[in-house]
Each structure stands twice: as C-alpha cells, then as structure tokens.
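Notes to accompany the following structure.
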Amino acid sequence: MQVETLEAGGEKANTANHDALPSKKADKQTRPRLASHSLDLPNHCDICNKARSTRKHQRCSQIRQQRKSLEWEAYMANVQAKKAQQGRRYAR
-15 MQVETLEAGG
-5 EKANTANHDA
5 LPSKKADKQT
15 RPRLASHSLD
25 LPNHCDICNK
35 ARSTRKHQRC
45 SQIRQQRKSL
55 EWEAYMANVQ
65 AKKAQQGRRY
75 AR
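The opening position of the sequence shown corresponds to residue -15 in my numbering, with each subsequent residue numbered one higher.
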C-alpha cells in the first residue's frame, strides 16, 4: 500500500494514518463512537422480504419478537425437562 503525503499550508498530512494525527474534531468529542463498523445484518427483512432501508419495520419487529419468545419458551422447557430427567448427580 502506498502512503500519499499531502502538504497543505506547510503542514504534512498523512492520508494512510489519519487517526494518529490530532484534529479539532477529536478534541471536541467527549466519548468514542459506539460502533466502529456497520452491523452484520442482512439487507432484506426476514419477515416481509423487503429492503430494511425502505421503511420502518415496526410490525415485522413485533412479529419477530413473538416468534423468538415462543422459540425461547420452547428451548427453556426442553432445558427444564432435560434437567428433571437426569436426576441428582451427587446425592447423599
């Protein structure tokens, strides 16, 4: 990778490592960014199959929460059944 060096007003600016140089904007920030990269979400909604960027998916979100809560309840019921089936390990 080539590093491009620009001179502006007698100061050299390194475009490859722009985070190393202090800037006025960095001085004003009180906290770091929450995310350094975009989230790993698919482009299309898994409920309506439309692009996520086109509209709000409030109804889709409600449907998804209902599905996940049912899945979670079933999972926890399986865990409880398995636990009850095993018996005690170190019974005295």
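Just so you know, even glycine gets a beta-carbon here, dropped at the ideal spot from N, CA and C.
query: Through-space distance from Asn62 to Ala68, alpha-carbon basis; result: 10 angstroms
query: C-alpha distance - Asn33 paired with Gln49, whole-angstrom precision; result: 17 angstroms
query: For Ala58 and Arg51, the rounded distance between their alpha carbons; result: 11 angstroms
query: For Asn27 and Arg39, believed in contact at Cβ under 8 angstroms, the rounded distance; result: About 14 angstroms; that fails the 8 angstroms criterion.
query: For His41, the residue or residues it bridges with in DSSP; result: The partner list for His41 (beta bridge, DSSP) is empty, contrary to what the question assumes.
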